Amino acid sequence: GAGVSQSPSNKVTEKGKDVELRCDPISGHTALYWYRQSLGQGLEFLIYFQGNSAPDKSGLPSDRFSAERTGGSVSTLTIQRTQQEDSAVYLCASSLEHQRTDTQYFGPGTRLTVL
Amino acid sequence: KNQVEQSPQSLIILEGKNCTLQCNYTVSPFSNLRWYKQDTGRGPVSLTIMTFSENTKSNGRYTATLDADTKQSSLHITASQLSDSASYICVVSSGYSSASKIIFGSGTRLSIRP
């Protein structure tokens, strides 16, 4: 595709429910990143994939968060038993590889609201 | 502790004027420093990427500098335009292995007034 796409664009859920967020990276990009941007806060790194493997999961805030990537393309971020503090914009980015100078291209984000 | 601090928190300038945004970091080992522009409701867009050996990089009216000794970076915007109104985020990556850390500054919110 022309850019990174994410779905849904908005998600409202009740506390305790599970949610799944999807990211479609730019075709051919092997590196994929998930970030979170809470209201009034800076961006927070969650996890990244090189191909289908996730070398660095240290940014995931709790064991309720998990992510997977299949076929070296689409990635899903799953949040189980959502809490109100999970409310944020979840951004996905991709780059050709996980190299120091590769540009990361961001998607428009998914705005998650937990009631 | 790895940190990235940006200043000022917010800035208002008149259209056509220049401005400079600051980024100080305490990240080690240093891998690269990136400046992003983020319009309200949109994802960040990369402006510049600099590694240890680079001390200046330009992208149109945007010029970034890096002083790896003092661990400071600046983003200079020349002849500002209304479309420059956005948040500017400094991001520093740590480490050289695949398990690198990515640390974000809290951003500077820039408003350009006509």
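So the sequence lines, in the order shown, correspond to chains Z and L. Count the first sequence with the numbering used here and you get residues 1397 to 1511, in order. Count the second sequence with the numbering used here and you get residues -2 to 111, in order. Using N, Cα and C, we set each Cβ at its ideal position, and we do this for glycine too. Predicted, not measured: the structure shown is a model, and the values here were computed from it.
C-beta contact flag for residue i and residue j at 9 Å
i, j, result
"L:Val42", "Z:Phe1441", "no"
"L:Ala61", "L:Thr48", "no"
"L:Gln0", "L:Thr23", "yes"
"Z:Arg1460", "Z:Phe1445", "no"
"Z:Cys1419", "Z:Leu1473", "yes"
"Z:His1425", "Z:Leu1487", "no"
"L:His73", "L:Leu107", "no"
"L:Gly40", "Z:Pro1457", "no"
Separation of residue j from residue i, as counted between CA atoms
i, j, result
"L:Thr75", "L:Lys14", "7 Å"
"Z:Gly1399", "Z:Ile1422", "5 Å"
"L:Pro111", "L:Cys20", "26 Å"
"Z:Gly1455", "L:Ser55", "31 Å"
"L:Ile109", "L:Ser103", "19 Å"
"L:Leu79", "L:Glu12", "6 Å"
"Z:Ile1443", "L:Ile10", "37 Å"
"Z:Asn1448", "Z:Glu1416", "18 Å"
"L:Ser25", "Z:Asp1452", "17 Å"
"L:Cys16", "L:Asp81", "11 Å"
Contacts of residue i in chain L (Cβ-Cβ under 8 Å)
i, result
"Z:Phe1441", "Lys98, Ile99, Ile100, Phe101"
"Z:Gly1438", "Ile86, Phe101, Gly102, Ser103, Gly104"
"Z:Gly1424", "Chain L residues near Z:Gly1424: none, gap ~17 Å exceeds 8 Å."
Residue i: contacting residues in chain L (beta-carbon distance under 9 Å)
i, result
"Z:Phe1502", "Tyr33, Gln35, Arg39, Gly40, Pro41, Val42, Ser43"
Assumed close pair residue i, residue j - CB separation to whole angstroms, cut-off 8 Å
i, j, result
"L:Asn29", "L:Ser90", "5 Å"
"Z:Ser1401", "Z:Leu1428", "12 Å between Cβ atoms; not a contact."
"Z:Ser1405", "Z:Thr1499", "That belief does not hold up - the Cβ atoms of Z:Ser1405 and Z:Thr1499 are roughly 23 Å apart, past 8 Å."
Within chain L, the residues that residue i reaches when beta carbons sit closer than 7 Å
i, result
"Z:Gly1412", "Result: empty, since nearest Cβ-Cβ is about 28 Å, beyond 7 Å."
Legend entry - Members of the segment 1458 to 1481 of chain Z near chain L, C-beta cut-off 7 Å: none
Inset, instruction - Give the residues from the segment 52 to 64 of chain L that approach chain Z closer than 8 Å (Cβ to any Cβ), ordered along the chain. - result: none
Inset, instruction - Closer than 7 Å, Cβ to Cβ, to anything on chain L: give me those residues from the segment 1482 to 1499 of chain Z, in chain order. - result: Leu1487, His1494, Arg1496, Thr1497, Thr1499
Legend entry - Contact set between the segment 3 to 18 of chain L and chain Z, restricted to residues whose Cβ is under 7 Å from the partner: none
Legend entry - Contact list for the segment 73 to 85 of chain L against chain Z, Cβ threshold 8 Å: none
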